[in-house]
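Colleague: The sequence shown begins at 4 in our numbering and counts up one residue at a time.
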Amino acid sequence: MGRIIGVQFQENGKMYYFDSSETEVKTGDYVIVDTARGNDLGEVVMGSREVDEENWHTPLKKVIRIADEQDIKHGQENRVKEKEAFGICQKKIAEHKLEMKLVSVEYAFDNSKILFFFTANGRVDFRSLVKDLASVFKMRIELRQIGVRDEAKMLGGLGPCGRPICCGSFLDQFQPVSIKMAKEQNLSLNPTKISGVCGRLMCCLKYEQEHYEMTRKKMPKIGREVITPDGTGPVTDLNIVKETVFVRLTNGDTSEIKEYPLENITKPSDGNTNQEQARKNNGEEKTDPVYDGFAGKNAQDDLTVKSEESETDEKTIQHGTDSNITNEEKNNRKARKPVLGQPVRRENPNRSHEQKNREEAQAQPDHNEAKETPNSPETSSTRSPWADALQKAMQAISHDK
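1) Using 10 angstroms around the beta-carbon of Glu-109, count the other beta-carbons present and answer buried if the total reaches 16, otherwise exposed.
2) To the nearest angstrom, how far is the alpha carbon of Thr-405 from that of Ala-70?
3) What do you get for Val-244, buried or exposed, if any count of 16 or more other CB atoms within 10 angstroms of its CB means buried?
4) In terms of alpha-carbon separation, which member of Ile-260, Cys-164, Leu-132, Arg-361 lies closest to Lys-95?
5) Taking just the CA atoms, how far does Arg-203 sit from Glu-216?
6) Roughly how many angstroms lie between the CA atoms of Lys-104 and Gly-90, to the nearest whole one?
7) Could you tell me which of Gly-125, Pro-179, Gly-171 sits nearest to Gln-13, measuring between CA atoms?
8) Can you look up Asp-325 in the DSSP assignment and give me helix, strand or coil?
9) Where does Ser-131 fall in DSSP's three states?
10) Thinking C-beta only, is Arg-6 closer than 8 Å to Ser-24?
11) Below 7 Å CB to CB, which residues in the same chain sit around Ile-35 once its five sequence neighbours on both sides are set aside?
12) Does the Cβ of Phe-21 have 16 or more other Cβ atoms within 10 Å, making it buried, or fewer, making it exposed?
13) How far does the beta strand (DSSP E) with Asp-175 in it reach, from first residue to last?
14) Below 6 Å CB to CB, which residues in the same chain sit around Met-184 once its five sequence neighbours on both sides are set aside?
15) For Lys-76, count neighbouring Cβ atoms within 10 angstroms of its own Cβ and tell me buried if that reaches 16, exposed if not.
16) State buried or exposed for Cys-164, treating a residue as buried only when at least 16 other CB atoms are found within 10 Å of its CB.
17) Let me know the secondary structure DSSP gives Asp-405 once reduced to three states.
18) Residue range of the beta strand (DSSP E) that Gly-236 falls in?
19) If you reduce the DSSP assignment to three classes, tell me which class Glu-262 lands in.
20) Could you spell out where the alpha helix (DSSP H) holding Arg-219 opens and where it closes?
21) Can you grab the Cα-Cα spacing for the pair Glu-187 / Thr-122, in whole Å?
22) Arg-130: buried (16+ other C-beta within 10 angstroms of its C-beta) or exposed?
23) Considering only residues of the same chain and omitting the five flanking positions on each side of Glu-46, which have a CB-CB separation below 6 Å?
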C-alpha cells in the first residue's frame, strides 16, 4: 500500500498525484515536488490517502519536502516578475507586428526559464520575438500556443448564468461537449444561448446528460400510442426533469392534451388500437374489421359460406382445364418451348384455317414443272460468267480453223 496526495500548481488548475509515503502532509500545505519542468512549488488540495500500488498506472514521483517560508516568498516574487514579463512581451509583439494575443506568463520555480502562453488564428513565426526576449531576460524562453477554452480558464470571468465560469472555478480538465446534448435536453439551438465566454459550447451541458439519457430510455417516444387512466392517445411531448408525459385525448370532435406521471402510463399490447380499446372499455367483443357494418352473426356466416363456395368452384375449374389437355397437346407445348440460341416463332391465334392451308400450298414446290437441262438457253443465265467466257473462246478458236 502507498500513500498519495493531490497537488495543484495554479489556481483552479489540474490536480496531479504524488507519492507522499516518506512525508506527512495535509490539505492546504505547500510542498516542493519533482516535475518534468524541474522542482516546482504546489499546494496540496487532496489529503494523504492509502492506495494499492498495483492500481497505479505509472510510477508516481515523490514529494521532495514541505515548502518553508523562504520557498513561499520566492514563489510570490515570481508572480510579481510574471506581471513585468507580460508587459515587456506585449511591447515586443507590437514591435514585430505579429498577429498573436498574449494570455499568460509563468516563471519556473528555479528561474531557469519563462513560459509565454498565447492564442492565434493560425501558425505564427515568432523566431525573431524569441531572440529579443532572450536578450532581455537572459534565460530560456518558451512560447506555447493554446486554444480559446484554455484562454478562458486562465483569464476567468462570468458565465451566462451570472456565476464564475466552471473551468475557472472548479473544473480541472475539459470534457467533450456536442450539439447532440443540447438537442436531447430540448434546449434552444441559438449559438448565443448555448455558448460560453470562450465561444464554444458550454461545459455545463455535460452535467445532466447522463440523467437525460437514462430517463429517456424509460419514457415512450413522441407519437406512440399509450394507455392513460382517461383513455388512449398519442404522446405529444415529454418532460424529462419532472418525468411526465403529455398525451392527446380525443372525445368526439374535440381533443385535449393532458399531463400524466410516468408511473400512470402503460404501453398497449401488440395489435391494440383506439377502437379495440374503446370496445374493451364498453364490454364489447373484438370483431374482425372486415365484418364491420354487417348486421349480426348471420351475415358473417353467409359471407363465409359464399367465400368457401367460390374457392371450391375455382378449384374445380382449374382441375377440369388441366384434365382436358391431351398428350399430343402437351408434346406440342414442350416442342414450342424456346431453346437458348434459337429464334422463337409464335403463331397468330387469329389466323384462320384456310389461310394456313394457302400458305402451306405456296411453300411446296410444283413437281409437274419440267426439269431444265444444263444446255437449255434458260439456264445460261444461271451459269457463272467464267463458264460463258470459256465457251466463247472455244467458239472463236474453232471459227479460225
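Using N, Cα and C, we set each Cβ at its ideal position, and we do this for glycine too.
Modeller: According to the structure data:
1) buried
2) Because the chain in this structure spans residues 4 to 404, residue 405 falls outside the shown range and cannot be described.
3) exposed
4) Leu-132
5) 22 Å
6) 12 Å
7) Gly-171
8) Any answer about Asp-325 is weak, because its pLDDT of 48 lies below 50 and its placement is not dependable; what the coordinates show is given next. If DSSP states are grouped into helix, strand and coil, Asp-325 belongs with the helices.
9) helix
10) yes
11) Asn-42, Leu-44, Ile-67, Arg-68, Ala-70, Asp-74
12) buried
13) That residue, Asp-175, is in no beta strand (DSSP E); it is neither H nor E in DSSP.
14) Leu-208, Gln-212
15) exposed
16) exposed
17) Given a span of 4 to 404 for the chain in the structure shown, any question on residue 405 remains unanswerable.
18) 234–242
19) strand
20) 212–221
21) 33 Å
22) exposed
23) Gln-11, Tyr-33
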